[in-house]
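S.K.: For the sequence shown, position 305 (counting from the first letter as 1) is numbered 307 according to the working numbering, and the numbering increases by one without interruption.
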Amino acid sequence: MGGLFGANWPSGRTIVTGSQLGEAGLGRRVLAGGVKHGLLHQPWRGVYIPRHLWLALPPWEQDRCALVAHAVAGRGVHVYTHFSAALLHGLTVWGRGREVHVNIPHQSSPSRQPADVHHHVAALGSQDVTTLLVPDAGAVRLTTLERTVVDCAMAARFDQAVVIGDSALARGVDPARLQETLLTMEGRRGVRKARRVLAALNGSSESAGESRTRLIIAELPVEMPELQITVFVNGREYRPDFAWRDRKLIVEFDGDTKYFDFGPTARALVDERERESALIEAGWHFVRIKWKHLERPDEVKARILAAYQASRRNEAA
Numbered sequence: 003m004g005g006l007f008g009a010n011w012p013s014g015r016t017i018v019t020g021s022q023l024g025e026a027g028l029g030r031r032v033l034a035g036g037v038k039h040g041l042l043h044q045p046w047r048g049v050y051i052p053r054h055l056w057l058a059l060p061p062w063e064q065d066r067c068a069l070v071a072h073a074v075a076g077r078g079v080h081v082y083t084h085f086s087a088a089l090l091h092g093l094t095v096w097g098r099g100r101e102v103h104v105n106i107p108h109q110s111s112p113s114r115q116p117a118d119v120h121h122h123v124a125a126l127g128s129q130d131v132t133t134l135l136v137p138d139a140g141a142v143r144l145t146t147l148e149r150t151v152v153d154c155a156m157a158a159r160f161d162q163a164v165v166i167g168d169s170a171l172a173r174g175v176d177p178a179r180l181q182e183t184l185l186t187m188e189g190r191r192g193v194r195k196a197r198r199v200l201a202a203l204n205g206s207s208e209s210a211g212e213s214r215t216r217l218i219i220a221e222l223p224v225e226m227p228e229l230q231i232t233v234f235v236n237g238r239e240y241r242p243d244f245a246w247r248d249r250k251l252i253v254e255f256d257g258d259t260k261y262f263d264f265g266p267t268a269r270a271l272v273d274e275r276e277r278e279s280a281l282i283e284a285g286w287h288f289v290r291i292k293w294k295h296l297e298r299p300d301e302v303k304a305r306i307l308a309a310y311q312a313s314r315r316n317e318a319a
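1. Leaving out the 5 sequence neighbours to the left and right, which residues in its chain are closer than 7 angstroms to ALA149 when beta-carbon positions are compared?
2. When we look at the beta-carbon of PRO254 and count the other beta-carbons within 10 Å, is it buried (16 or more) or exposed?
3. Could you tell me whether the Cβ atoms of PHE160 and VAL199 are closer together than 8 angstroms?
4. From GLU225 to HIS121, what distance separates their C-alpha atoms?
5. Less than 8 angstroms separating the beta-carbons of ASN204 and ARG216?
6. Give the secondary structure of TYR310 by DSSP, where H, G and I count as helix, E and B as strand, and everything else as coil.
7. Candidates ARG241, ASP256 and LEU55: which alpha carbon is nearest ARG290's?
8. Keeping to the same chain, check which residues put their C-beta closer than 8 angstroms to that of LEU69; ignore five residues upstream and five downstream.
9. With GLN44 as the anchor, note down where its beta strand (DSSP E) starts and where it stops.
10. Using 8 angstroms as the Cβ pair cut-off and three pairs as the minimum, do the region 36-44 and the region 142-157 touch?
11. Using three-state DSSP, classify ILE231 as helix, strand or coil.
12. When you compare only the Cα positions, how much space is there between VAL74 and VAL95?
13. Using CA atoms only, rank isn't needed, just tell me which of ARG298, LYS250 and SER279 is closest to ALA312.
14. Given ALA284, which residues of its chain have a CB within under 7 angstroms of its CB, disregarding the five upstream and five downstream residues?
15. Quick check: the Cα distance between TRP286 and ILE219, rounded to an integer number of angstroms?
16. Reducing DSSP to helix, strand and coil, say where THR215 ends up.
17. Helix, strand or coil for THR83? Go by DSSP, reduced to three states.
18. Is PRO227 buried or exposed, if buried means 16 or more other CB atoms sit within 10 Å of its CB?
19. Buried or exposed for HIS43, going by 16 or more other Cβ atoms inside 10 Å?
Set out below in structure tokens:
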């Protein structure tokens, strides 16, 4: 059966609809058999991808694949907003699940709204909407980068919104444009929270974990560390995530352990140990934070504060 799908799969496509496969001679019973025997996966209703390709994707790419599958099924009907628009723009979206967010001009009956699709009712102007060419889905309409970040800042939990906003700044989005976009939303629910989100953004954070770690540090009674500074040791260049130069204290977020099946290679682990050893020999101290630690922020604060205070005592000794 596997050879049957490979021989008849539409050329140049990865994610296809059941109708497209039907036109290629693969009927409903064949597709059902493919799913049953683990040859096909349905990332969205009526949309298929070879299962081996689905399993090869890390979890965050599976989230985007499911969204693209919705776009393939929708054939350009929808305008994607909020977290769905963020994913399509390539921004980092953390902790939001796979609910699809689309805009509709008028409120529809709740009975017609699928549980996994969130309808946002907003009068979007032409300045708020752009088009992206997405493989398999073609031209997809979605809110602009600036409108997307502001929508998420108004609707998401604070840390989730900061993660999205940080990744937008890292992409080169102008903070002034974000503020201008927010001004057009005055009077709407969430504007006050969005102001706080925009004030907290920092494009130097390179991952969701670094953004979350920075927010935890910001709650401590210490000055903020520098992000991604350059440290030279024995002629080699290092870029720690967070550092207090005067205390030679580094906080590193170990993002490679978020998804154990997509962790670091043995070579990368050796390089990491060599890097840390060189910095320790030069007098630097480390606090390492992993994904599991971020679920216990009070413990993270205690560890960082203890290291910070110890470094001050060492400096005075």
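Ideal Cβ placement from N, Cα and C applies to all residues, glycine included. Only a predicted model underlies this, so the values are computations on that prediction, with no experimental measurement involved.
M.R.: The short version:
1. The sequence given here has Arg at residue 149, not Ala. So the qualifying residues of the chain are ASP130 and THR183.
2. The amino acid occupying residue 254 in the given sequence is Glu; Pro does not appear at that position. Classification of GLU254: buried, given that the 10 Å Cβ count is 16 or more.
3. yes
4. The alpha-carbon of GLU225 is positioned some 42 angstroms away from that of HIS121.
5. Yes, the Cβ-Cβ distance between ASN204 and ARG216 is below 8 angstroms.
6. Reduced to three states, the DSSP call for TYR310 is helix.
7. ASP256
8. TYR82, SER86, LEU89, LEU90, ARG100 and VAL102
9. Residues 42-46.
10. no
11. In the displayed model, ILE231 falls within coil according to three-state DSSP, outside both helix and strand.
12. 21 angstroms
13. LYS250
14. When the five nearest sequence neighbours on each side are left out, the beta carbons in the same chain lying within less than 7 angstroms of the beta carbon of ALA284 are those of VAL235, in order along the chain.
15. Cα to Cα, the separation comes out at about 19 angstroms.
16. DSSP, read as helix, strand or coil, puts THR215 in helix.
17. coil
18. Answer is buried; the Cβ neighbour count reaches 16.
19. buried
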